[in-house]
Amino acid sequence: MASKPSFFIGLHNIVTDKKEWKQLLFYDIDKDEHFSNTVKKFASEFSNRRKLSYVLYKTKHGFHLIYLTPMDPAKWGEYFEIHKKKFDGYYSGHTIRMSRKKKEEQYLVSHSDTYPAVYPLCTIYEKRFNITFKNTIKMAAVYENYPSRNL
Numbered sequence: 002m003a004s005k006p007s008f009f010i011g012l013h014n015i016v017t018d019k020k021e022w023k024q025l026l027f028y029d030i031d032k033d034e035h036f037s038n039t040v041k042k043f044a045s046e047f048s049n050r051r052k053l054s055y056v057l058y059k060t061k062h063g064f065h066l067i068y069l070t071p072m073d074p075a076k077w078g079e080y081f082e083i084h085k086k087k088f089d090g091y092y093s094g095h096t097i098r099m100s101r102k103k104k105e106e107q108y109l110v111s112h113s114d115t116y117p118a119v120y121p122l123c124t125i126y127e128k129r130f131n132i133t134f135k136n137t138i139k140m141a142a143v144y145e146n147y148p149s150r151n152l
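Note that the numbering used here gives residue 105 to position 104 of the sequence shown, counting from 1, and the numbers run on in steps of one.
Set out below in structure tokens:
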């Protein structure tokens with residue numbers, strides 16, 4: 002019998018400054034904690050090369066890699082495909098779970114605040130992981146219900 006889905010708060014990968022829509026790149030990496038250094042190195046190199054701020058944190062079943070610098074849809078598609086090939090994942094990239102699962106402990110693996118990060122979205126991660134994003138750009142984010150059967 003299929004389990005009943007639980008609902009969490011999710012973040013859709015679009016943001017707006019009320020003039021145009023931009024996208025944020027998310028990637029959900031289902032790997033164990035021994036993969037941490039590989040993901041950390043990739044995120045650091047990728048973000049520096051493409052001028053993106055990010056937060057990388059451990060979740061119950063892997064890692065969430067959230068790039069907080071807005072980009073146009075063509076760049077999003079190009080960058081998403083790079084992540085898909087690197088991490089061999091099955092993830093749409095359109096919504097990332099923001100709330101914690103039952104008994105989930107999240108901890109910061111790495112982050113970069115060198116490039117513009119969407120405000121007030123970055124404040125969620127500042128509070129959660131006791132970090133600061135100094136270079137921010139004000140944009141509205143889109144939140145939604147996020148169903149999950151994988152508890």
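Glycine included, C-beta positions come from ideal geometry on N, C-alpha and C.
As the structure is a prediction and not an experimental result, all values here were calculated from the model.
Per DSSP, the unbroken beta strand (DSSP E) holding LEU66 starts and ends at 64-68. For SER48, the uninterrupted alpha helix (DSSP H) run begins and ends at 37-51, by DSSP. In this structure, VAL56 is the residue among ILE83, VAL56, ASP29 with its C-alpha nearest to the C-alpha of LYS128. Between the C-alpha atoms of MET99 and ASP29 there is a straight-line separation of about 12 Å.
Under DSSP, GLY11 forms a beta bridge with ARG98, GLU145. Closest by C-alpha distance to THR115, out of SER48, GLU79, PHE88, PHE64, is SER48. Per DSSP, reduced to three states, the secondary structure at PHE27 is strand.
The alpha-carbon separation between LEU66 and LYS135 amounts to approximately 19 Å. Counting C-beta pairs closer than 8 Å gives fewer than three between the segment 40-54 and the segment 93-108, which falls short of the contact rule.
Apart from sequence neighbours up to five positions away, the residues of its chain that approach HIS112 with a beta-carbon distance below 7 Å are TYR55, VAL56, LEU57, ILE132, ordered along the chain. With respect to the 7 Å criterion, TYR80 and LEU26 are classified as neighbours on the basis of their beta carbons. When rounded, the separation of the alpha-carbon atoms in TYR91 and LYS85 is 8 Å.
Proximity of the segment 69-76 to the segment 8-25 meets the contact definition, three or more beta-carbon pairs being nearer than 8 Å. Counting the other Cβ atoms within 10 Å of the Cβ of ASN14 gives 16 or more, which makes it buried. Boundaries of the alpha helix (DSSP H) around ILE125: 122-130.
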